[in-house]
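For reference, the structure is listed below as structure tokens.
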Amino acid sequence: MIDLRSDTCSQPTEAMRHAMANAPVGDDVYGDDPTVKRLEREVAEFLGKEDAIYMVTGTMTNQVAIRAHTEHGDAVLFDQNAHVYILEGGAPAAFSGVLPRLLPGVRGVFSPDDLQAALGVPHRFFPSTVAAPAKLLCIENTHNLGGGKVWPMERLKAVCQTARQRGLALHLDGARLWHASVATGIPESEYATLFDTVSICFSKAMGAPVGSVLAGSRDFITRARRFKQQFGGGFRQAGIIAAGALYALHNNRGRLAEDHYHAKLLAEGISALPGIALDVATVETNIVRFSVTSMPATEFVDRLYERGLYVLPSGADGVRAIPYLNIAESDIRNAVAIIGSVASEHAGAAGRFGTPGAAPAGQSSAGY
Ligand SMILES: *Cc1c(COP(=O)(O)O)cnc(C)c1O
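If you're matching positions, the sequence shown starts at 771 in this note's numbering and goes up one per residue.
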């Protein structure tokens, strides 16, 4: 089975397992796990922040960040397809009691004007107490539901500058910030400098089994430590898993360009197939999203699965595939052949499976 469901399906290598098995550990709740402390220090330095905190998931780092940036009843601005809003179990409402205000991003990218429009125009005739106070803007780079879209740096700077002028704090969901940096050559720390807080994941293409890190100012991270504990995230000999993340930081970042190459190869191999809509130019990093026009996506992925290719349906007509470190070029070539065999069998048989309002290629309407 070629498993391209998600880069979270990456398996730790022997060398990583060895590093984990031999990691020095302590009790992280007491603050004395040396491997966790080392990971936190190295990630803080890597991102150019004062401090950092290791947690079990990116959902937890994002949601602890939202909790620590806000009070209940505050408004938080997200793109309409943001992971923090759509794919984190309703956590902003459940844990932080915040009011989402949605931005009309295209593949996750919106403009300073979109932000201004969402924030409204204050005037002294209008009481400042009636609207939920907008406190925080969350940005996702690369954008998952946007098909691994990279925020152009100039646009990102302009949006962050507008957010600052309007008094917002800024959080970056950088689960795949690594991929933005590999694609553009702009270091992670240069993206991070625009934000108060940054979350990065080690459990995806970086190949570690568990964990994410939230970085920010010393005071902010001290506050985040309280909420990590409150959310049930206090762990003990966590150095065992932190060692996997540390190993990934030292050894696996350098190979991510290979995943981008594999994603491009997959996209190029299937874009011209009958019944598939895919603009190769939308594949900027490691995520491949395409639309199926000959049958429902759920049926299409079932047929691929029967032939040994495991991918995810996403919305009515969308499919997602993501290569990662255990996937070789030969797997990609086999995946192209399997998709080709299913696509050509059904070409012309069903005609176009029209989905009113379907998302454009490269952007998912719903799903993972
Ligand atoms: C995967 C992901 C996360 C965090 O996911 P966890 O499974 O909770 O680690 C956050 N943001 C984005 C954009 C993601 O893709």
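Ideal Cβ positions, reconstructed from N, Cα and C, are used throughout, including at glycine.
Using the DSSP secondary-structure output, state which residues sit across from residue i in a beta bridge.
{"i": "R1059", "result": "R1090"}
{"i": "I1097", "result": "None, per the DSSP bridge assignment."}
{"i": "P1044", "result": "Looking at the DSSP assignment, P1044 forms no beta bridge with any residue, so it has no partner."}
{"i": "F848", "result": "L872"}
{"i": "K919", "result": "H913"}
{"i": "L984", "result": "I823 and S969"}
{"i": "A904", "result": "A845"}
{"i": "S776", "result": "In DSSP, S776 forms no bridge with anything."}
Check whether the Cβ of residue i lies closer than 7 Å to any heavy atom of ligand 1, and answer yes or no.
{"i": "T1055", "result": "no"}
{"i": "E960", "result": "no"}
{"i": "S951", "result": "no"}
{"i": "H853", "result": "yes"}
{"i": "S982", "result": "yes"}
{"i": "K974", "result": "yes"}
{"i": "A945", "result": "yes"}
{"i": "C971", "result": "yes"}
{"i": "T829", "result": "yes"}
{"i": "T778", "result": "yes"}
{"i": "N1022", "result": "no"}
{"i": "E812", "result": "no"}
{"i": "E910", "result": "yes"}
{"i": "N792", "result": "no"}
Going by beta carbon distance, what residues of the same chain come within less than 8 Å of residue i, once the five residues before and after it are set aside?
{"i": "E1206", "result": "The question about residue 1206 has no answer here: the residues shown for the chain are numbered 771 through 1138."}
{"i": "L885", "result": "L847, L873, L907, V929, T932, A933 and R936"}
{"i": "I1102", "result": "H1032, L1035, L1036, G1039 and P1093"}
{"i": "I772", "result": "G1078, L1079, Y1080, I1097, D1101, N1104, A1105 and I1108"}
{"i": "K998", "result": "I823, M825, M830, V834 and G1004"}
Could you round the C-beta distance between residue i and residue j to whole angstroms and report it? I think they count as a contact, below 8 Å.
{"i": "K1081", "j": "R775", "result": "Lys is not the amino acid found at residue 1081; the sequence shown has Val there. Sure, about 6 Å apart at Cβ, within 8 Å."}
{"i": "Y1017", "j": "M786", "result": "5 Å"}
{"i": "G981", "j": "S973", "result": "6 Å"}
{"i": "K905", "j": "A939", "result": "6 Å"}
{"i": "G1110", "j": "L1043", "result": "6 Å"}
{"i": "T827", "j": "H949", "result": "18 Å between Cβ atoms; not a contact."}
{"i": "G1004", "j": "V806", "result": "11 Å between Cβ atoms; not a contact."}
{"i": "H1032", "j": "E1099", "result": "7 Å"}
{"i": "N851", "j": "G917", "result": "The Cβ separation is near 10 Å, so there is no contact."}
{"i": "A962", "j": "L817", "result": "4 Å"}
{"i": "A1015", "j": "A835", "result": "Not confirmed; about 18 Å, so no contact."}
Excluding the 5 residues preceding and the 5 following residue i in the sequence, name in chain order all residues of the same chain whose CB lies nearer than 7 Å to its CB.
{"i": "A1037", "result": "L1048, V1050, V1053 and V1058"}
{"i": "G1039", "result": "V1106"}
{"i": "P870", "result": "V846, F848, Y855 and P862"}
{"i": "T840", "result": "V846, S866, V868, K905 and L906"}
{"i": "T1170", "result": "The structure shown does not extend to residue 1170, since the chain is modelled only from 771 through 1138, so no value can be given for it."}
{"i": "A902", "result": "G843, D844, A845 and L869"}
Quick one: residues in its chain with C-beta nearer than 6 Å to the C-beta of residue i, no 5 flanking neighbours on either side, listed in chain order?
{"i": "H1030", "result": "T1055 and N1056"}
{"i": "L942", "result": "I909, F965 and V968"}
{"i": "N1022", "result": "M976 and G977"}
{"i": "A1013", "result": "A789, M790, A793 and T805"}
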